[in-house]
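Report on the following structure.
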Amino acid sequence: MEIIHPIVLRYARARIGGGRQPTAEDVAQEVCLAVATSIGKFVDQGRPFMAFVYGIASNKVADAHRAMSRDKSTPTEEVPDSTPDTFTPEEFALLSDGSNRVRGLLDLLSEKARDILILRVIVGLSAEETAEMVGSTPGAVRVAQHRALATLRSALEQQEN
15 MEIIHPIVLR YARARIGGGR QPTAEDVAQE VCLAVATSIG KFVDQGRPFM
65 AFVYGIASNK VADAHRAMSR DKSTPTEEVP DSTPDTFTPE EFALLSDGSN
115 RVRGLLDLLS EKARDILILR VIVGLSAEET AEMVGSTPGA VRVAQHRALA
165 TLRSALEQQE N
């Protein structure tokens, strides 16, 4: 667990982000617990063990996204006296729009290409580490990353025109 927890935590942080419930730390803990309870079901079929862990992590992140979409509340420890002046409504709308554009662009990619891009660019894994997690070769990961970035670049150019 000492080895997989940091990897799973980086993956969860990249997929979930911060300041939300459940937190990336909660999801990483759930993944580690699920790996520990299902380790007896793991059958070596020529795929790396980390691909097994990555599959569990992917499912737990999807569960967390479903839970977040159902829960519209924002928990606070105390009722604030006034609203924070960090963002004006216009700034918040622009920030949300940027996040939505990125999500929309990532949705253009296949699930595997999106995962490779997230693991390589956002989480910061090497091609070798990413290949082990997705059950591929480092060369195939580099090619998939290049193609995914080209797809995103093309989509951005089309949106600008």
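Start counting the sequence shown at 15; every next residue gets the next number (our numbering). We treat Cβ as the ideally placed atom computed from N, Cα and C, and that holds for glycine. All figures in this text were calculated on a predicted structure; none of them were measured in a lab.
query, result
"Span separating the alpha-carbon of residue 72 from that of residue 129", "9 Å"
"Candidates 145, 146 and 162, of which the one nearest residue 121 by Cα", "162"
"Three-state secondary structure assigned by DSSP to residue 61", "coil"
"Buried versus exposed call for residue 140 [16 or more other C-beta atoms within 10 Å across all chains shown]", "exposed"
"Rounded C-alpha distance that separates residue 142 from residue 152", "5 Å"
"Secondary structure of residue 142, DSSP reduced to three states", "helix"
"Cβ neighbours of residue 36 in the same chain (closer than 7 Å, five flanking residues each side left out)", "78 and 81"
"Element boundaries [alpha helix (DSSP H), containing residue 165]", "152-174"
"Rounded separation between residue 118 and residue 173 - CA only", "12 Å"
"For residue 66, three-class secondary structure by DSSP", "helix"
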